[in-house]
Structure formats: structure tokens, C-alpha cells
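The structure appears right after this line, and notes come after that.
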Amino acid sequence: VVSGTGKRSNYSMNLGSTNVKRNNGDESSGFSGYINWLTDLTVRSKFKANISTDLTDSSSASVSSNIPGVGNGDDVQVTTDVIRNSIASFDYIRDDEPVSSRLWFKYNEITYSDSPLDRLVRAFGLQASYPIARLLSSSVYANYNRTKQLETDRLDERYTIGGNLKYNFSRKLHGFFDLKYRAKESTSVLENYEEVSVFVNLVYGFGGVSRPTRVGGF
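Residues 1 to 218 in the numbering used here are what the sequence shown spells out, letter by letter.
Okay, structure coming up:
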């Protein structure tokens, strides 16, 4: 691991090789590693870049890019292939008190040694937060995800737009309300959908430990 810090930036990198041995006796090896870089563009803005690639035969490869604030239970692919997972992500972060914002882009290429599941994922999004009052804060966000399956020419596009409110009832108790619209457009028309969801959460915690006391979704 190599890392360094400059006057306005810092970086870290870990470069090497990964060897994968499988139960059937097959063996694969290849380059792996990551490079992370963070720099201050101005007093109020930062830029962050992360580039990584790895080789694995685990079942944790994701169908779509991880989108902040958006979970997807269908993302995990179970496979016996050796998987090459290459990711490049870029973030622009700005803090203009009282508004803070983040703009991000992610490129993710996943290739399989045997199965025709190769895919290319492009995703980007933005988020802005604003404190409405001393105890009440708000946030809005929008995300776009484009997944292209290279072997079958299937294309999936996902859109998410939402907003939330957080209210601190006390130092240990806060409530969270999130309203979200999601849609999917696919060349496989049976996969298309539109939905609106509401999420309500009441959390009571001590220090760094918290317990959700009420969760609701509609």
C-alpha cells in the first residue's frame, strides 16, 4: 500500500495480482488493485476519484451500480464463473452553507469467464441537503442507472427521484421520512415498472448505537 498527502490533496494505492483457484482445478490470475485520490478544488469544494479492479469467483458481483440511498435486493448474482469487476467513480462535493451538495458518476464493467453475463453499467446522480430549522433538515436526490448486457444486447434504465426530512426530537431520538419515485425501462418489456414509496423511521439511540423503533413502507 502506498499513500501520500499534499498541501491540498491525498492519495492511496494498492496494486498487485490476484490468483483464483477453483474446486475443479482451474486456476486464473490477473492484475488487481485500487487508486484513491481526494483533492480540495476550493475552500468549499472537493473532488474524489476511485479506480479499482479485482478478480473473484465469489457470488457478490452486482447487477447495477451501488446508488447512494437506494437499495436493490436483486443485485446479487450467483455464479461459478471467475469475475473481473472494474470500477471507476468520481465525486464532486460542495458545501455552500447552509446548502451542501454532491454530484457523482460511476462506470462499472463486469466480465465473466464462462457465462454470457458480461455487462456495462453507467450511473450518475446528485444530492442536495438543506437545514430547514435547527431541528429539521431536508434532502433531495436523483439517480440514473444504465445497465447494458453485452452478450444479449439487453438494456435496462432505472430512474430514481426522491426527498426526505429528518427531525431531531431530542439528542437520542430522531424521525426520518422519505418519499421516492422509481421507474425502470427495459428492452425486456415485462421488467418495466413505475412505483412510488414512502418510508418512515423512528430511531432511538445512545451515542453511536441506535435502534429503529418503528419502520413503515407503503
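Glycine included, C-beta positions come from ideal geometry on N, C-alpha and C.
{"Item": "Coil, strand or helix - Val43 by DSSP", "Value": "coil"}
{"Item": "Cβ-Cβ distance between Thr147 and Val121 below 8 Å", "Value": "yes"}
{"Item": "Nearest residue (CA-CA) to Tyr107, options Ser113, Phe90, Asp96 and Val99", "Value": "Phe90"}
{"Item": "Residues sharing a beta bridge with Lys48, DSSP", "Value": "Leu38 and Asp91"}
{"Item": "Own chain residues within Cβ distance below 7 Å of Ser188, not counting five before or after", "Value": "Arg154"}
{"Item": "Cα-Cα separation, Val203 to Ser100", "Value": "24 Å"}
{"Item": "Candidates Glu157, Asn168, Met13 and Leu126: closest to Asn143 by CA position", "Value": "Leu126"}
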